[in-house]
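The structure appears right after this line, and notes come after that.
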């Protein structure tokens with residue numbers, strides 16, 4: 001149920017949890033929110049997710065299950081990681097047609113995946129608990145949500 005007062009109260013207490021939140025109202029932000037909604041349908045146990053612009057590090061839309069894990073705070077760092085990986089690939093294979101598709105970061109209890117979207121200007125960031133989600137399933141869901 002949507003109660004304006006309660007929605008306003010929740011927004012004052014910090015970032016919105018358990019809801020896909022676009023960073024704005026333009027079509028690009030809405031498309032990013034739709035991508036996250038599809039990811040959430042495929043990975044309901046998702047910890048956090050975001051669609052991020054590679055060049056600026058700005059989150060276009062976010063989703064989180066805890067205020068302690070805010071993907072907006074790490075969006076810029078992840079964008080830097082993607083930009084640096086592009087530099088590495090260019091240094092290793094100058095003039096190659098190879099394209100960066102994804103970066104996988106494995107932690108003892110979590111998986112963090114960054115998948116470059118087909119427009120090559122944004123990436124999809126997903127964090128899941130490794131006990132809840134298989135890496136292959138997470139990768140396939142991300143691939144199918146573009």
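Residue numbers (the UniProt record's numbering): 1 to 146. By construction, the Cβ of each residue, glycine as well, lies at the ideal position given by its N, Cα and C atoms.
Secondary structure in the region 51 to 110: the alpha helix (DSSP H) runs of 4 residues or longer, each lying completely within the stretch, are 71 to 92 in chain order. Under the DSSP definition of a beta bridge, residue 129 partners with 110. For the pair residue 110 and residue 32, the Cα-to-Cα distance works out to about 23 angstroms. As the crow flies, the alpha-carbon of residue 19 is around 6 angstroms from that of residue 63.
Contact fails between the region 40 to 52 and the region 88 to 95, because fewer than three Cβ pairs, one in each stretch, are under 8 angstroms apart. The Cβ atoms of residue 59 and residue 36 do not sit closer than 8 angstroms to each other. Using a Cβ distance threshold of 8 angstroms, residue 70 and residue 114 do not count as a contacting pair. Residue pairing by DSSP places residue 116 opposite 123 in a beta bridge. By the 16-neighbour rule on beta-carbons within 10 angstroms, residue 107 is exposed.
Closest option to residue 104, judged by alpha-carbon separation, among 135, 88, 120: 135. DSSP lists 64, 127 as the bridge partner or partners of residue 48.
According to the DSSP secondary-structure assignment, residue 21 is paired through a beta bridge with 62.
The continuous alpha helix (DSSP H) containing residue 36 extends over residues 27 to 42.
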